[in-house]
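In order, the protein sequence lines correspond to chains R and L.
Residue numbers for the first sequence follow the numbering used here, beginning at 33 and rising by one.
Residue numbers for the second sequence follow the numbering used here, beginning at 380 and rising by one.
Report on the following structure.
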Amino acid sequence: MNVFRLSGDVSHLLAILILLMKIWKTRSCAGISGKSQILFALVYTTRYLDLFTSFISPYNTAMKVFFIASSYATIYLIYLKFKATYDRNHDTFRMEFLVLPVLVLAFVVNHDFTPLEILWTFSIYLESVAILPQLFMVSKTGQAETITSHYLFALGMYRALYIVNWVYRYYFEGFYDLIAIIAGVVQTVLYCDFFYLYVTKVLKGKQLTLPA
Amino acid sequence: RTPDLLHDEL
Chain R
33 MNVFRLSGDV SHLLAILILL MKIWKTRSCA GISGKSQILF ALVYTTRYLD
83 LFTSFISPYN TAMKVFFIAS SYATIYLIYL KFKATYDRNH DTFRMEFLVL
133 PVLVLAFVVN HDFTPLEILW TFSIYLESVA ILPQLFMVSK TGQAETITSH
183 YLFALGMYRA LYIVNWVYRY YFEGFYDLIA IIAGVVQTVL YCDFFYLYVT
233 KVLKGKQLTL PA
Chain L
380 RTPDLLHDEL
């Protein structure tokens with residue numbers, strides 16, 4: 033564990049808490065893509081099956097349980113509790129366009145052809161593109177609430193900080209995982225356009241709006 | 380799974 037990895041985890045935790053608080057306090061999930069949240073639940077479920085097979089640390093276990101539980105709680109809030117506020121007309125990205133290619137890729141490019149490892153690989157690939165329905169929704173409506181921008185920024189920073197962590201681990205531990213690194217870079221690149229808008233608009237006190 | 384496939388990151 034190094035400071036970059038820890039900051040990445042904290043950023044990830046913060047993103048989830050911001051999202052849950054936004055929905056809970058405003059009693060609304062307007063502007064939030066339920067499809068991205070379903071994909072994230074799928075990501076955590078398939079990745080953290082190793083909770084049953086290997087133990088890393090109490091920290092590791094606690095975070096995994098939190099990520100799984102919070103992802104299902106978010107889906108519950110969007111699709112059941114506050115479903116009247118869910119913006120389904122703008123959440124039209126087709127999940128199968130992401131899940132199916134990623135599934136094929138996980139079977140072809142992985143470290144080991146075993147069920148758990150293929151599911152882990154699938155979750156790494158899926159996470160890298162899981163935010164696309166949300167970004168698609170923002171581009172479709174041309175705007176995002178400021179709190180939603182903070183959520184997206186924290187979520188994007190998490191994998192960006194992991195990249196720094198991987199550079200650090202490569203130099204100081206000789207450790208690297210090419211699947212995680214390439215997927216992590218793809219994931220971070222997808223946020224670049226949003227990062228630019230966040231810095232130039234949201235941090236200057238304006239709402240995030242896209243040019244028509 | 381081999382020990383080096385123990386994924387220690389989240």
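By construction, the Cβ of each residue, glycine as well, lies at the ideal position given by its N, Cα and C atoms.
All figures in this text were calculated on a predicted structure; none of them were measured in a lab.
Counting C-beta pairs closer than 8 Å gives fewer than three between the region 63–82 of chain R and the region 218–233 of chain R, which falls short of the contact rule.
Of the residues assessed, L38/R falls on the exposed side of the cut-off, its CB having fewer than 16 other CB atoms within 10 angstroms.
Between S171/R and the set I48/R, Y223/R, I50/R and V141/R, the nearest pair of CA atoms involves Y223/R. One thing to note: A176/R has its Cβ no nearer than 9 Å to the Cβ of W198/R. Going by beta carbons, S60/R and T117/R fall inside the 9 Å limit.
Counting only runs of 4+ residues, the alpha helix (DSSP H) found wholly inside the region 125–203 of chain R occupies 128–140, 147–161 and 164–173, in chain order.
Excluding the 5 residues flanking it on each side, F72/R has same chain C-beta neighbours closer than 6 Å at S103 and A162, in chain order. For H122/R, not one C-beta of chain L is nearer than 9 Å to its own C-beta. Listed in chain order, the positions of the region 90–111 of chain R with a beta carbon within less than 8 Å of a beta carbon of chain L are N92, M95, K96 and F99.
Between I88/R and H182/R, the beta carbon gap of about 30 Å keeps them out of contact (Cβ cut-off 8 Å). Taking C-beta atoms as the reference points, R201/R and N34/R count as a pair closer than 9 Å.
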